[in-house]
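Note that the sequence shown covers residues -18 to -1, 1 to 201 in mature numbering (1 follows the signal peptide of the UniProt record, and there is no 0). Below is one structure, written out as structure tokens; comments come after it.
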Amino acid sequence: MRFSALLLSFIFLVVACAPPTGRIKYEYEDLVAECPEESVMLVNYCPTNYAYSDRIQHLSRVRVTSLETGKGLTIAVRKNRSVKGLCIPKKYKHFMSRNDQFRARVEVLRCGENNVRMCPKYIRGYASWYGPKFHGKKTAAGTSFNMHDYVAAHRTLPLGTLLLVKNLKNGRTVKVKVLDRGPFVRGRHLDLSKAAAEKLGMFNDGVIPFVAEVLRCGG
């Protein structure tokens, strides 16, 4: 009888201390890049040579058709969260619509530069790092590379993707944003900024085995 009571107490303790089951709810959204196949958006004009949107993956190619005039154009779009809807270069005003704003059907022809719509939950491989030689140079995302920021380069993941990278040699982790392309060296799968490399304690090794959890697909 006493043994049964002890056994029940042990089982209760194990269950109470066990981690919660079911799907883990991440801090960020699911692992699908922001690329609606087709949607209706409010379109504005901007005094730039590029089109911008807060709802479409960076460097996507889209077909914009005015619901007022029926005229359309195909253009590459850059991600900008401060733009609500879609902003196209002002030089198209005489063609698409003479109003300052108009509604249009926007069809995504290519999602991002690599047409990647979904990301894996994890990536694995070998990571290297880059720093002073590339500091201040333009990244694939159009920003200046800052080796003191927590950023990274990957060959195919959508730009803006957030990763939680773990150094498998020492267990250290760092959160980085993919803003560049690379590394273009056989056998390497991720290039980290100097700041990220320092956080992971990888200077002595140079190249480390890693696993990275994809926290957000695209940006």
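Cβ atoms here follow ideal geometry from the backbone N, Cα and C, with glycine treated the same way. Treat the numbers as computed from the prediction; the structure is a model and nothing was measured.
Cβ separation of Cys69 and Gln39, assumed to be a contact under 8 Å, to the nearest whole Å: 16 Å between Cβ atoms; not a contact.
Beta-carbon contacts of Arg87 that lie in its chain and below 7 Å, excluding the five residues immediately before and after: Listed in chain order, the non-local C-beta contacts of Arg87 below 7 Å within the same chain comprise Glu20, Val22, Thr47 and Leu49, local neighbours out to five positions each way being set aside.
Report yes if the C-beta distance between His136 and Ala177 is below 8 Å; otherwise report no. The answer is no: Cβ separation not under 8 Å.
Look at the alpha carbon of Gly54 and the alpha carbon of Val14, and state the distance between them as a whole number of angstroms. 27 Å
Within 10 angstroms of the Cβ of Tyr104, are there 16 or more other Cβ atoms? Answer buried if so, exposed if not. exposed
List in chain order: all unbroken beta strand (DSSP E) runs of 3+ residues lying wholly within the region 5 to 89. Listed in chain order, the beta strand (DSSP E) elements of length 3 or more contained wholly in the region 5 to 89 are 20 to 28, 33 to 35, 42 to 48, 54 to 61 and 68 to 71.
Please list, in chain order, all residues of the same chain as Ala194 whose beta carbon is under 8 Å from its beta carbon, the five residues on each side excluded. Once the five neighbours on either side are set aside, the close Cβ partners of Ala194 are Tyr104, Ile105, Arg106, Leu145, Leu146, Val147, Lys148 and Leu172.
Closest by C-alpha distance to Glu89, when choosing among Val59, Gly113 and Met184: Val59
Taking the beta carbon of Phe185 as the centre, do at least 16 other beta carbons fall within 10 Å, making it buried, or is it exposed? Burial call: exposed.
Does the separation of the CB atoms of residue 277 and Asn26 fall below 8 Å? Only positions -18 to 201 of the chain appear in this structure, which leaves residue 277 out of reach.
Given a cut-off of 8 Å, decide if Leu139 and Val160 are closer than it, judged by their beta-carbon atoms. yes
Helix or strand or just coil, what does DSSP make of Lys181? helix
Cβ pair Asp36, Lys66 closer than 8 Å: yes
For the beta strand (DSSP E) containing Glu95, list its first residue and its last residue. Premise fails: Glu95 is in no beta strand (DSSP E) and is neither H nor E.
Based on Cα-Cα distance, which residue from Lys157, Leu150 and Thr56 lies nearest to Phe192? Leu150
Locate the beta strand (DSSP E) running through Ser126, then write down its first and last residues. First-last for Ser126: undefined, no H or E at that position.
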